[in-house]
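Comments concern the structure below.
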Amino acid sequence: AVSFSGISGSVSFDERGERELSDVTLNVLNLVTLPNNVTFPPVIVGHITFDGNKSTVQLDEYPPIRWPDGSAYPTVPSDGLENDTNIVPIIVPTGVALGLLAFVTLWLVHRNNRLRNRVHNLTK
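Residues 1149 to 1272 in my numbering are what the sequence shown lists, from first letter to last.
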């Protein structure tokens, strides 16, 4: 086993060379520059904690996260994309294809039964 202090904290490897997970906490910084205040200092607005195989994100209530448009969290500015997804172009062709598949399947079952009856009547 090997262990040393790295940039992310204590790093250790077991006998097989696999990294052993240690507890790590990362700070979430708000680095936005507001148009009227270009000297807005970086502020810690939350923490990400890795504890073994579990991770948690904790956002602090104060100071609030500031977005480039000047708004503050929990208001999240638009990313410019539409939020609603138009699924009609997916549903209509899928419905038509499934309907056609059901029709062909029923037609083949009906035809198979008719042919069986014909063969049965011929062999009487």
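Glycine included, each C-beta is placed from N, C-alpha and C at the ideal position.
Can you tell me whether DSSP reads L1174 as helix, strand or coil?
Strand at L1174.
Could you tell me if N1178 is buried or exposed, where buried requires 16 or more neighbouring beta carbons within 10 angstroms of its beta carbon?
Flag for N1178 reads buried.
Beta carbon of D1171, beta carbon of T1197: below 9 Å?
Result yes, Cβ atoms of D1171 and T1197 sit closer than 9 Å.
By a C-beta neighbour count over all protein chains shown, 10 Å radius and 16 as the cutoff for buried, is V1193 buried or exposed?
So V1193 ends up on the buried side.
Classify R1214 as buried or exposed, calling it buried when 16 or more other Cβ atoms lie within 10 Å of its own Cβ.
R1214 comes out buried.
Among S1158, L1174, N1175, V1150, whose alpha-carbon lies nearest the alpha-carbon of G1165?
Nearest option by C-alpha distance: V1150.
Rounding to the nearest angstrom, what Cα-Cα distance links L1263 and A1250 in this structure?
The straight-line gap from Cα to Cα measures roughly 20 Å.
Please specify which runs of the beta strand (DSSP E), each continuous and at least 3 residues long, are wholly inside the region 1185-1249, giving them in chain order.
The region 1185-1249 contains these whole beta strand (DSSP E) runs: 1191-1199, 1202-1207.
For the beta strand (DSSP E) containing G1154, name the first residue and the last one.
Looking at the DSSP string, the run of the beta strand (DSSP E) that includes G1154 is 1150-1154.
Checking 9 Å against the spacing of the C-beta atoms, do V1176 and H1195 come in under that value?
Taking 9 Å as the Cβ cut-off, V1176 and H1195 qualify as a contacting pair.
Going along the chain, which residues of its own chain have a beta-carbon closer than 6 Å to the beta-carbon of Q1206, five neighbours each way excluded?
If we look at Q1206 and ignore the five residues flanking it on each side, its Cβ neighbours are G1194, H1195.
At which residues does the beta strand (DSSP E) containing G1157 begin and terminate?
Per DSSP, G1157 belongs to the beta strand (DSSP E) from 1157-1161.
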